[in-house]
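One structure below.
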Amino acid sequence: MLYFFTWNSDFLVKEQVKAWKERFISKFWEFNLVHIKNIENTDNNFLIENITSTSFLSEKKLVIIDLDEKISDEKQMFFIKLLDKIPDDNIILFNTINPDKRTKLYKELKKQSEFKEYNTKDDSDLHSIISKKYWNKISSSWINTIIKYKSWNLNKIISEINKLLITFDKLDNKEIIENISPELEESIFQVIDDILNNNTIQALKKIDIILNDTSIYAFYNNLIANLRTSVYISKLKNLNKNSTDISSILNLWNRTFLINKSYRINYKQLEHLYNNLVNIDKKMKSGLLNWTEESDFRFELERILIEKS
Numbered sequence: 101m102l103y104f105f106t107w108n109s110d111f112l113v114k115e116q117v118k119a120w121k122e123r124f125i126s127k128f129w130e131f132n133l134v135h136i137k138n139i140e141n142t143d144n145n146f147l148i149e150n151i152t153s154t155s156f157l158s159e160k161k162l163v164i165i166d167l168d169e170k171i172s173d174e175k176q177m178f179f180i181k182l183l184d185k186i187p188d189d190n191i192i193l194f195n196t197i198n199p200d201k202r203t204k205l206y207k208e209l210k211k212q213s214e215f216k217e218y219n220t221k222d223d224s225d226l227h228s229i230i231s232k233k234y235w236n237k238i239s240s241s242w243i244n245t246i247i248k249y250k251s252w253n254l255n256k257i258i259s260e261i262n263k264l265l266i267t268f269d270k271l272d273n274k275e276i277i278e279n280i281s282p283e284l285e286e287s288i289f290q291v292i293d294d295i296l297n298n299n300t301i302q303a304l305k306k307i308d309i310i311l312n313d314t315s316i317y318a319f320y321n322n323l324i325a326n327l328r329t330s331v332y333i334s335k336l337k338n339l340n341k342n343s344t345d346i347s348s349i350l351n352l353w354n355r356t357f358l359i360n361k362s363y364r365i366n367y368k369q370l371e372h373l374y375n376n377l378v379n380i381d382k383k384m385k386s387g388l389l390n391w392t393e394e395s396d397f398r399f400e401l402e403r404i405l406i407e408k409s
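Position 98 of the sequence shown, counting from 1, maps to 198 under the working numbering, and the rest follow consecutively.
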């Protein structure tokens, strides 16, 4: 029996693999289970022995194979040849996230296996998963706050909730805001909101907090990347594109909320600000700015933000 669990949710795939392991062990014992986590570096004879031979003391054997790292063409062909040699009593479970659909092994597994997809497509999917898992432990209205704080990373969201529930019986706004730190990307969104609404002082205060744990260069690169998205959204709105078109063109996925944001500056002002910030990097690479210290880079960044306002 051949199974393939995959697609974009690392948390959901691992939850299913964990559940299968627990159910199998409860019925057929742990010594009939093999979990292979690095197949590229695993000896082929070991793989052949465990995949093609049946269990001596049990009617079933479960072999779980992680496909998380890049697999050579040679190893892929090795596995493809083994697929037809799996005994009926062996359960072979392949799993991975965001697979490369162009590979020979992926195509063959999809053709021969019982193929199961585990996706989180948008905020509503994540909200539903968290609500079901913690239905009486966290206020529904604050789930979206955690989702944004942890940049839609379900593993991090679950980890943060579990840690808080050690101390608190139920989570609400106070517990979340006081105990969960936003990821860099979410902090960047908050800074951009302040910048584009001319709340420069608030933006500089948030930047100061971010730079306690992040280098100015990492912050700058993230700021430029996310501000670029805001520029594109504003440009497409000016071209009378609707929300669905904008989301599709920019492949926003879990950032579609950015489309509905409104700011106090117009498109031309936004574009001008973006170009000025991009020019910081260009000037440094061209030698027009001979700074070597992070403080110098930060000074120029803050100067542009203050002059904008």
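Where a beta carbon is used, it is the ideal one built from N, C-alpha and C, also for glycine. Computed from a predicted structure; not experimentally measured.
One question on the structure: do Leu323 and Ile288 come within less than 9 Å of each other, judged by their Cβ atoms? Counted from its first residue, the sequence shown places residue 323 at position 223. Counted from its first residue, the sequence shown places residue 288 at position 188. Contact flag set, yes.
Among Ile349, Lys361 and Tyr249, nearest to Asn279 - alpha-carbon criterion: Here residue 279 refers to the residue found at position 179 of the sequence shown. It is Tyr249 whose Cα lies nearest to the Cα of Asn279.
Endpoints, alpha helix (DSSP H) assigned at Lys306: The count along the sequence shown starts at 1 and reaches residue 306 at position 206. Segment Thr300 to Ile310, the alpha helix (DSSP H) holding Lys306.
Suppose the cutoff is 8 Å on Cβ atoms and the five residues either side in sequence are ignored; what does the same chain contact list for Ile404 look like? Here residue 404 refers to the residue found at position 304 when the sequence shown is read from its first residue. Once the five neighbours on either side are set aside, the close Cβ partners of Ile404 are Leu373, Asn376, Leu377 and Ile380.
Quick check: the segment 106-119 against the segment 185-199, are at least 3 beta-carbon pairs closer than 8 Å? Yes: at least three Cβ pairs fall under 8 Å.
Would the segment 201-211 count as touching the segment 231-246 if we require 3 or more Cβ pairs under 8 Å? Touching, no, given that fewer than three Cβ pairs across the two stretches are closer than 8 Å.
Segment limits, alpha helix (DSSP H) that includes Glu149: Mapped onto the sequence shown, residue 149 falls at position 49. For Glu149, the enclosing alpha helix (DSSP H) begins and ends at Asn144 to Thr152.
Which of the three DSSP states is assigned to Asp225 in this structure? In the sequence shown, the residue the question calls residue 225 occupies position 125. Helix.
Can you look up Thr314 in the DSSP assignment and give me helix, strand or coil? For the purposes of this step, residue 314 is taken as the residue at position 214 of the sequence shown. Here Thr314 sits in coil by DSSP.
If I follow the unbroken beta strand (DSSP E) through Asp166, where does it start and stop? The residue labelled residue 166 in the question sits at position 66 within the sequence shown. Where Asp166 is concerned, the enclosing beta strand (DSSP E) stretches over Lys161 to Asp166.
With respect to the alpha helix (DSSP H) encompassing Asn255, which residues constitute its N-terminal and C-terminal limits? On the sequence shown, residue 255 is found 155 positions in, with the first residue counted as 1. Annotation: the continuous alpha helix (DSSP H) that includes Asn255 extends over Leu254 to Thr267.
Helix, strand or coil for Lys216? Go by DSSP, reduced to three states. Within the sequence shown, numbered from 1, the residue matching residue 216 stands at position 116. Reduced to three states, the DSSP call for Lys216 is strand.
Report buried or exposed for Phe124, applying the criterion of at least 16 other Cβ atoms within 10 angstroms of its Cβ. Start at 1 with the first residue of the sequence shown, and residue 124 comes out as number 24. Counting Cβ neighbours within 10 Å, Phe124 comes out buried, since at least 16 surround it.
Go ahead and label Glu169 buried or exposed: buried means 16 or more other beta carbons lie within 10 angstroms of its beta carbon, across all protein chains shown. In the sequence shown, counting from the first residue as 1, residue 169 sits at position 69. With fewer than 16 other Cβ atoms within 10 Å, it is exposed.
Take the Cβ of Tyr317 as the centre, count every other Cβ of all protein chains shown within 10 Å, and call the residue buried at 16 or more, exposed below. Taking the first residue of the sequence shown as 1, we reach residue 317 at position 217. Burial call: exposed.
From Ser153, Asp294, Phe156 and Ile229, residue whose alpha carbon lies closest to that of Lys408: Looking up residue 408 in the sequence shown gives position 308. Sorting Ser153, Asp294, Phe156 and Ile229 by C-alpha distance to the C-alpha of Lys408 places Asp294 at the top.
Rounded to whole angstroms, what's the CA-CA distance from Ile247 to Asn326? Just pull it up for me. Here residue 247 refers to the residue found at position 147 when the sequence shown is read from its first residue. Here residue 326 refers to the residue found at position 226 when the sequence shown is read from its first residue. Cα to Cα, Ile247 sits roughly 18 Å from Asn326.
Going by Cα to Cα distance, which pick from Ile243, Ser224 and Leu147 is closest to Glu275? In the sequence shown, residue 275 corresponds to position 175, counting from 1. Looking at the Cα atoms, Ile243 is the closest of the given residues.
Taking the DSSP output, what are the residues bridged to Val134? By one-based count along the sequence shown, residue 134 stands at place 34. Looking at the DSSP output, Val134 shares a beta bridge with Val163.
Enclosing alpha helix (DSSP H) for Thr106 [first to last residue]: Here residue 106 refers to the residue found at position 6 of the sequence shown. Bounds of any alpha helix (DSSP H) do not take in Thr106; it lies within the beta strand (DSSP E) bounded by Leu102 to Thr106.
How would you call Asn338, buried or exposed, if buried means at least 16 neighbouring beta carbons within 10 angstroms? Residue numbering aside, residue 338 sits at position 238 when the sequence shown is read from its first letter. Asn338 is exposed by the Cβ-count criterion.
Cβ atoms of Leu102 and Ile186: under 9 Å apart, would you say? Counted from its first residue, the sequence shown places residue 186 at position 86. Counted from its first residue, the sequence shown places residue 102 at position 2. Yes, the pair counts as a contact, with Cβ atoms nearer than the cut-off.
Below 8 Å on the Cβ atoms is my contact criterion, and I expect Ser330 with Leu284 to pass it. Report the Cβ-Cβ distance as a whole number of Å. Residue mapping note: residue 330 aligns to position 230 of the sequence shown, counting from 1. Residue mapping note: residue 284 aligns to position 184 of the sequence shown, counting from 1. Actually they are not in contact, since the Cβ atoms of Ser330 and Leu284 sit about 17 Å apart, beyond 8 Å.
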